[in-house]
Amino acid sequence: MTQEGCLIIAGLGLHPGQCTLEARAALIAADIVFVQAGEADMLAWVRELNGRTLSLQDFYAGRATRLDAYAAMAEAMLAPVRRGLRVCAAFYGHPGVFVSPSHIACGRAAEEGLLVVMLPGVSAEDCLFADLGVDPGQSGLQSYEARDFFVHARQIDATAPLVLWQPIVVDEAALSGFNSRLGAIRALAAALMEIYPPSHEIILYEAAVRMDESARIEKLTLANLERAQFAQETTLYVPALRGPALSTSRARLMKRLLAEDNC
Ligand SMILES: C[S@@+](CC[C@H](N)C(=O)[O-])C[C@H]1O[C@@H](n2cnc3c(N)ncnc32)[C@H](O)[C@@H]1O
73 MTQEGCLIIA
83 GLGLHPGQCT
93 LEARAALIAA
103 DIVFVQAGEA
113 DMLAWVRELN
123 GRTLSLQDFY
133 AGRATRLDAY
143 AAMAEAMLAP
153 VRRGLRVCAA
163 FYGHPGVFVS
173 PSHIACGRAA
183 EEGLLVVMLP
193 GVSAEDCLFA
203 DLGVDPGQSG
213 LQSYEARDFF
223 VHARQIDATA
233 PLVLWQPIVV
243 DEAALSGFNS
253 RLGAIRALAA
263 ALMEIYPPSH
273 EIILYEAAVR
283 MDESARIEKL
293 TLANLERAQF
303 AQETTLYVPA
313 LRGPALSTSR
323 ARLMKRLLAE
333 DNC
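Under our numbering, the first residue of the sequence shown carries the number 73, and numbering increases by one thereafter.
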């Protein structure tokens, strides 16, 4: 009887200390591992667990666009599954958060009736909750990719915090169509200043990617955003401008419905 192949898509967290026990077990048990590690140390750690590990970073070389590379990664993950092998595709952070190849592979696997499971991981946003003391249960939360926020008419609620992922993508002038880095950042700052005053304090956040490091938490005003140094791993955190207002119309509605209910 031939073994049924499977694809396990696992999150690694931002450093090995955050890798879950189930993800670690999947890495060890796999016939082949594909990994997208944020850091060289993480790649080395995965290779220690399983010597049959290939880096997904190599798939970018020679491909015209990121989308081509993502499609090639998904295909590489699924090919051994069709041959009956156990494949583990491991991504830093959470494997379903801003990770296109994992979603492409999941979709294709489902179409083909292949066995696929996604194991969650500790994302950068999870680390942000811990390092910045943010509780979405108290404050609410809006979370967008920075370019998505910029190009779409998103309705931003200034009474809840805003997380902007991948501000570097706006920064990379070639991707955003601006001629200069400064032009792109100024455009992002201008979009934010349609909602918040220039004096509003924002945070450049980078979670620790090694167990012995601490996070980068740099505060600056929106007016000074153009001086910010964005790295690949920077996330922008915009605190709420003010607290939410109680809805008088909903209070009236509730009163009416309670009265009807008690009749
Ligand atoms: C392609 S996404 C990958 C997200 C990852 N899958 C996760 O679950 O955190 C890359 C973006 O995640 C955020 N990110 C990645 N590493 C980070 C870190 N160490 N600290 C803060 N944000 C980080 C940044 O916004 C970065 O541009």
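Beta carbons: idealized from backbone N, C-alpha and C, even for Gly.
CB residue i to CB residue j, shorter than 7 Å?
| i | j | result |
| --- | --- | --- |
| L363 | Y268 | Only positions 73 to 335 of the chain appear in this structure, which leaves residue 363 out of reach. |
| S211 | P233 | yes |
| C160 | A98 | yes |
| V235 | Y309 | yes |
| L294 | I275 | no |
| V188 | C178 | yes |
| W237 | E266 | no |
Is residue i near ligand 1, judged by its Cβ being under 6 Å from some heavy atom?
| i | result |
| --- | --- |
| E305 | yes |
| V281 | yes |
| F170 | yes |
| A109 | no |
| Q238 | yes |
| L264 | no |
| G165 | yes |
| L139 | no |
| S195 | yes |
| E217 | no |
| E278 | yes |
| L86 | yes |
For residue i, count neighbouring C-beta atoms within 10 Å of its own C-beta (all shown protein chains included) and say buried if the count is 16 or more, exposed if not.
| i | result |
| --- | --- |
| H166 | buried |
| H224 | exposed |
| I374 | The question about residue 374 has no answer, for the chain in this structure spans 73 to 335. |
| M149 | buried |
| P239 | buried |
Can you name the residues that DSSP bridges to residue i?
| i | result |
| --- | --- |
| C78 | R158, L187 |
| I275 | K291, Y309 |
| E217 | W237 |
| S127 | V107 |
| G165 | G85 |
Original post:
Counting pairs of beta carbons, one from the region 163-182 and one from the region 253-263, are three or more of them closer than 8 Å?
Top reply: no
Original post:
Any contact of the region 127-146 with the region 76-85, i.e. 3+ C-beta pairs under 8 Å?
Top reply: Judged by Cβ distances under 8 Å, the region 127-146 makes no contact with the region 76-85, as fewer than three pairs qualify.
Original post:
Pairing CB atoms from the region 117-135 with CB atoms from the region 101-109, are three or more of them under 8 Å?
Top reply: Verdict: yes, contact present.
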